[in-house]
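Structure, as structure tokens:
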Amino acid sequence: STKARTNKTAAGFALGLEGAEMGKVKTRFPPEPSGYLHIGHAKAALLNQYFARMYQGEMGVRFDDTNPTKETAEFEDTILEDLKLLGVEVSTSSVTHTSDYFPQLVELCEKAIKEGKAYADDTEQMRMRQERFDGVASVHRDDDPASSLARFEDMKAGTEEGSRWCIRAKISVDDNNKAMRDPVIYRVNLLPHHRTGTTYKAYPTYDFACPIVDSLEGVTHALRTNEYRDRNPQYQWMITALGLREVRIWDFSRLNFIYTLLSKRKLHWFVNEKLVRGWDDPRFPTVRGIRRRGMTVEALRQFMLAQGPSQAIVSLEWDTIWAMNKKIIDPIAPRFWAVEEADLVPASIINFPGEAAEVKVLPRHKKNAEVGEKRSIYWKHILLEQVDAHAVSEGEETTLMDWGNAIVKRKVEEGGKVTSVELELHLEGDVKKTKLKTTWLSASPDNTLAPPAGIDADLALVPTTLLDFDYLITKKKMEEGDDVKDFVTPQTEFRVPALADGNVRTLNKGDIIQFERKGYYIYDGEGADGRREFIHIPDGRAAGIAS
Ligand code: ATP
Ligand code: MG
Ligand code: MG
69 STKARTNKTA
79 AGFALGLEGA
89 EMGKVKTRFP
99 PEPSGYLHIG
109 HAKAALLNQY
119 FARMYQGEMG
129 VRFDDTNPTK
139 ETAEFEDTIL
149 EDLKLLGVEV
159 STSSVTHTSD
169 YFPQLVELCE
179 KAIKEGKAYA
189 DDTEQMRMRQ
199 ERFDGVASVH
209 RDDDPASSLA
219 RFEDMKAGTE
229 EGSRWCIRAK
239 ISVDDNNKAM
249 RDPVIYRVNL
259 LPHHRTGTTY
269 KAYPTYDFAC
279 PIVDSLEGVT
289 HALRTNEYRD
299 RNPQYQWMIT
309 ALGLREVRIW
319 DFSRLNFIYT
329 LLSKRKLHWF
339 VNEKLVRGWD
349 DPRFPTVRGI
359 RRRGMTVEAL
369 RQFMLAQGPS
379 QAIVSLEWDT
389 IWAMNKKIID
399 PIAPRFWAVE
409 EADLVPASII
419 NFPGEAAEVK
429 VLPRHKKNAE
439 VGEKRSIYWK
449 HILLEQVDAH
459 AVSEGEETTL
469 MDWGNAIVKR
479 KVEEGGKVTS
489 VELELHLEGD
499 VKKTKLKTTW
509 LSASPDNTLA
519 PPAGIDADLA
529 LVPTTLLDFD
539 YLITKKKMEE
549 GDDVKDFVTP
559 QTEFRVPALA
569 DGNVRTLNKG
579 DIIQFERKGY
589 YIYDGEGADG
599 RREFIHIPDG
609 RAAGIAS
């Protein structure tokens, strides 16, 4: 069974890796520990996991820690936590660092220099860029290996002289593919490294380290985003020039979403400017942010696999992925009720039998008994939302959901607002014939949250805040040169006070529910004001924009 086996994804793509052998595939996810993972990283991580599983192989996580300027150990921990949030569990033995290979990388650089495949260069940066652009050779290109080696020694020692130099691979001066024009493979950085401290003063570039470490680590298939496609020949050149084991590249398109920044640097900016509450802000496209907003791992996985091998670099709509998410949460999200607090309308049921309130046990989900049960209070004093009370007229028959029909006997209005309603139950009425079906909540007549006499205190109404969010930026697709500052959406958080039924007391932070007739929400814990906060989960219909 040496042939690549393929699976069909949701979108019908045959996803497979060329030359993959069952049990022998190794993939890797190579994050730079310089920030939190975002949804683009999630695509890379989930695809790596998918292929490793498909071929019963393994997936490693390699921290690409070759730039001490940006990287910290703290970010390594958070990235591993983020992977866990994605359902990508990696054993500690599968976590490696590019820095683990610094000794071999130094040796291989020296080998390349000795064999005339690399040279030291001190051409000033701007000029080097111009020469590479024009296809002009550096004056040092033909320096003899001994003098380049001596420069490399200076670089490794981090001397002032050494700091002026870099090492370049001797590939081509004027190849049509500019990535092949003698790329830099080593440069000096005097900042201490978060793992190796001050041992090294010169660091390999990504272009040099990535193919080498992939090869040394036994990676069989390196998944890369296709903006590196121009660099694929360079990747293969490094491996061949240094006589290393071959690695296959499988490239896929970089993920972009409209109105969304997927760059650690820009996300850092939003955090620093306090435009969001942190890296797990529900407005953020970070793994933490979207999870907090109610995105499930299953939806992420389905979405990423549906993207599959697509090479198109486009800005996707958020609707698609939220719609996939909705399909996953809808069959299992328990249903509760909440009414907006502003201008609540007290309604009385004039023919309610007796004085005592009654508790009925109802399913939390009408089509899925496994979701469990809830308790609802039936009583003569109920609350209606202003919009619902507004929508019915005197004499009209309407439906109280989970109860039955009622006729609006009296409706009192003041200044355009309904202030009270009287209803007469008409339970034999046909619920299919009413125009409006309303949610309602039993309440005490004295406007307190307390439940009617004789009812469990834990069924009392719960003060909540319903939260919704807008995109952080006003521009659909940011372009090169655009300054984020000019495109910050002025208001991105919307809070609506509401009262929820007492059953929401049983929820834990992170639980996903539906407030019927309002949408899906994820319970986010108690806010600073003590009210329980529920974050609206976009369902693909309103694109996640607050109404
Ligand atoms: P950022 O600009 O956000 O820092 P990066 O590519 O520099 O992104 P890395 O930590 O180096 O971040 O990326 C780790 C892996 O995730 C790489 O394999 C990279 O190709 C992949 N990746 C990063 N961003 C995206 C994206 N938007 N879509 C798909 N894959 C991505
Ligand atoms: Mg990077
Ligand atoms: Mg980047």
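For the sequence shown, our numbering assigns the number 615 to the last residue and increments by one with no breaks. Where a beta carbon is used, it is the ideal one built from N, C-alpha and C, also for glycine. Keep in mind the model is a prediction, meaning the values are calculated, not measured.
For residue i, would you say it is in contact with chain D, using Cβ-to-Cβ distances shorter than 8 Å as the test?
i, result
"Asp-348", "Among the chains of the structure shown, chain D does not appear; only one protein chain is present."
Reducing DSSP to helix, strand and coil, say where residue i ends up.
i, result
"Leu-323", "coil"
"Ser-416", "strand"
"Ala-406", "strand"
"Ser-69", "Low local confidence applies: a pLDDT of 34 at Ser-69 is under 50, so the model's placement there is unreliable, and no value is given."
"Met-248", "helix"
"Gly-578", "coil"
"Glu-142", "helix"
"Thr-328", "coil"
"Ala-611", "Residue placement at Ala-611 is poorly supported in this model, since its pLDDT is 47, which falls under 50; the coordinates still yield a value, given next. It is coil, neither helix nor strand."
"His-336", "helix"
"Glu-584", "coil"
"Tyr-104", "coil"
"Leu-85", "coil"
"Val-455", "helix"
"Val-460", "coil"
"Asp-524", "coil"
"Tyr-446", "strand"
"Asn-473", "strand"
"Thr-166", "helix"
"Lys-479", "strand"
"Ala-424", "coil"
"Thr-560", "coil"
"Phe-555", "helix"
"Gly-593", "strand"
"Pro-171", "helix"
"Ala-225", "helix"
"Ala-237", "strand"
"Val-499", "helix"
Which same chain residues, not among the five before or five after residue i, have their C-beta less than 6 Å away from its C-beta?
i, result
"Val-287", "Lys-94, Arg-96 and Val-315"
"Ala-630", "Here the chain covers residues 69 to 615 and nothing more, so residue 630 does not appear."
"Ala-459", "Leu-504"
"Asp-190", "Arg-232 and Trp-233"
"Asp-211", "Tyr-187"
"Pro-531", "Arg-599"
"Thr-273", "Val-252 and Ile-253"
"Gly-362", "Ile-580, Ile-590 and Ile-605"
"Leu-575", "Tyr-591"
"Thr-487", "Val-480"
"Leu-368", "Ala-110"
"Thr-467", "Asn-473, Val-499, Thr-502 and Lys-505"
Measuring only the C-alpha atoms, how far is residue i from residue j?
i, j, result
"Thr-516", "Tyr-446", "17 Å"
"Val-365", "Ile-396", "10 Å"
"Lys-71", "Arg-121", "Model confidence at Lys-71 stands at a pLDDT of 38, short of 50, so the residue's coordinates are unreliable and nothing is read from them."
"Gly-595", "Thr-533", "8 Å"
"Leu-384", "Met-372", "12 Å"
"Gly-570", "Cys-278", "55 Å"
"Arg-73", "Leu-85", "Since pLDDT at Arg-73 reaches only 44, below the 50 mark, its modelled position is unreliable, and no value is offered."
"Lys-479", "Val-489", "5 Å"
"Gly-108", "Lys-553", "22 Å"
"Asn-116", "Arg-197", "34 Å"
"Gln-124", "Glu-89", "9 Å"
"Leu-15", "Leu-527", "One cannot answer for residue 15 here, as it falls past the ends of the chain, which runs 69 to 615."
"Ser-102", "Ile-147", "9 Å"
"Ala-437", "Ile-400", "10 Å"
"Ser-69", "Gly-91", "With a pLDDT of only 34 at Ser-69, under the threshold of 50, the placement of this residue in the model should not be trusted, and no figure is reported."
"Ile-389", "Leu-540", "18 Å"
"Gly-593", "Asp-398", "21 Å"
Residues in its own chain within less than 7 Å of residue i by CB, not counting five upstream and five downstream?
i, result
"Phe-352", "Leu-335 and Val-344"
"His-494", "Glu-465, Asn-473, Ala-474 and Ile-475"
"Phe-119", "Leu-85, Val-93, Thr-95 and His-289"
"Leu-509", "Trp-405, Val-407, Ile-450, Leu-451, Leu-529, Leu-567 and Asp-569"
"Pro-520", "Ala-425, Ile-445, Trp-447, Ser-510 and Ser-512"
"Asp-150", "Tyr-104, Leu-105, Val-355 and Arg-356"
"Ala-492", "Sequence inspection shows Glu at residue 492; the Ala mentioned does not correspond to that position. If we look at Glu-492 and ignore the five residues flanking it on each side, its Cβ neighbours are Ile-418, Asn-419, Ala-474, Ile-475 and Lys-477."
Output needed for residue i: all residues of its chain with C-beta closer than 8 Å, excluding positions within five of it in sequence on either side, in chain order.
i, result
"His-674", "Here the chain covers residues 69 to 615 and nothing more, so residue 674 does not appear."
"Glu-616", "Residue 616 is absent from the structure shown; the chain starts at 69 and stops at 615."
"Ala-391", "Asp-607, Gly-608 and Arg-609"
Within the stretch 240-323, ranges of the alpha helix (DSSP H) (whole runs, at least 4 residues): Taken in chain order, the whole alpha helix (DSSP H) runs of length 4 or more contained in the stretch 240-323 are 274-284 and 300-309.
Heavy atoms of ligand 1 versus C-beta positions, residues under 5 Å: Selection output, chain order preserved: Pro-99, Glu-100, Gly-108, His-109, Lys-111, Ala-112, Thr-293, Arg-322, Leu-323, Leu-330, Ser-331 and Lys-332.
Beta strand (DSSP E) runs wholly inside the stretch 110-141, at least 3 long, in chain order: 126-131
Whole beta strand (DSSP E) elements within the stretch 357-397, 3-residue minimum: none
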